[in-house]
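Final position of the sequence shown in my numbering is 285; the numbers increase by one with none missing. Even for Gly, the Cβ is constructed at its ideal location relative to N, Cα and C. Notes follow the structure.
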Amino acid sequence: MKEVSTKTAPQPAGHYAQGLISGGLIFVSGQLSIDPETGRPVHGSIEEQLNRALGNMLAVVEAPGSNKDQVLKCTVYISDIALWPKVNDVYAAFFGHYKPSRTVVPVSLLHHELLVEINAIAATVA
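Here you go:
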């Protein structure tokens, strides 16, 4: 097992790694709309927040040399299920033709009162 650590994604605020590699897979910890340079939450529309969270997730996937097309599974936590259509649109635009497996989970509250959090599992690139 190997830890993934990159300055291009927010540094963990708790006792967890940005990601771990095991068995040819990258397990990405939950990513919020946090600016990696300042470590501060980036509030805004659901579209803005999800794009930032997806960018943070991708930074962890790319750190060990993988890429967006190797993302196998995402779990998206949203603070309001009514946001689902906008989340789906942003997610589709981000991944384009590629369709990773996905679960959307409505939750009551996310850290920093943000609207969305995403974690992922991706394959490493040989």
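Distance check for PRO223 and THR283, CA to CA, integer angstroms please.
Sequence index remark: in the sequence shown, residue 283 carries index 124 (1-based). Sequence index remark: in the sequence shown, residue 223 carries index 64 (1-based). C-alpha separation (whole angstroms): 8 Å.
Would a C-beta distance cut-off of 7 Å place TYR236 and GLU276 closer than the cut-off?
Translated into the one-based positions of the sequence shown, residue 236 becomes position 77. Translated into the one-based positions of the sequence shown, residue 276 becomes position 117. Result yes, Cβ atoms of TYR236 and GLU276 sit closer than 7 Å.
Quick check on the DSSP output: the alpha helix (DSSP H) that includes GLY214 runs from which residue to which?
Here residue 214 corresponds to residue number 55 of the sequence shown, with the count starting at 1. Counting along the chain, the alpha helix (DSSP H) containing GLY214 begins and ends at 205-221.
Where does the unbroken alpha helix (DSSP H) through PRO244 begin, and where does it stop?
In the sequence shown, the residue the question calls residue 244 occupies position 85. 243-254 is the extent of the alpha helix (DSSP H) around PRO244.
Assuming GLU162 contacts ALA176 under a Cβ cut-off of 8 Å, what Cβ separation, rounded to an integer in Å, is found between them?
Taking the sequence shown and counting its residues from 1, one reaches residue 162 at position 3. Taking the sequence shown and counting its residues from 1, one reaches residue 176 at position 17. At roughly 5 Å, the Cβ-Cβ gap stays under 8 Å, so GLU162 and ALA176 are in contact.
How is GLU196 classed by DSSP in three states: helix, strand or coil?
Position 37 of the sequence shown holds residue 196. Three-state result, GLU196: coil.
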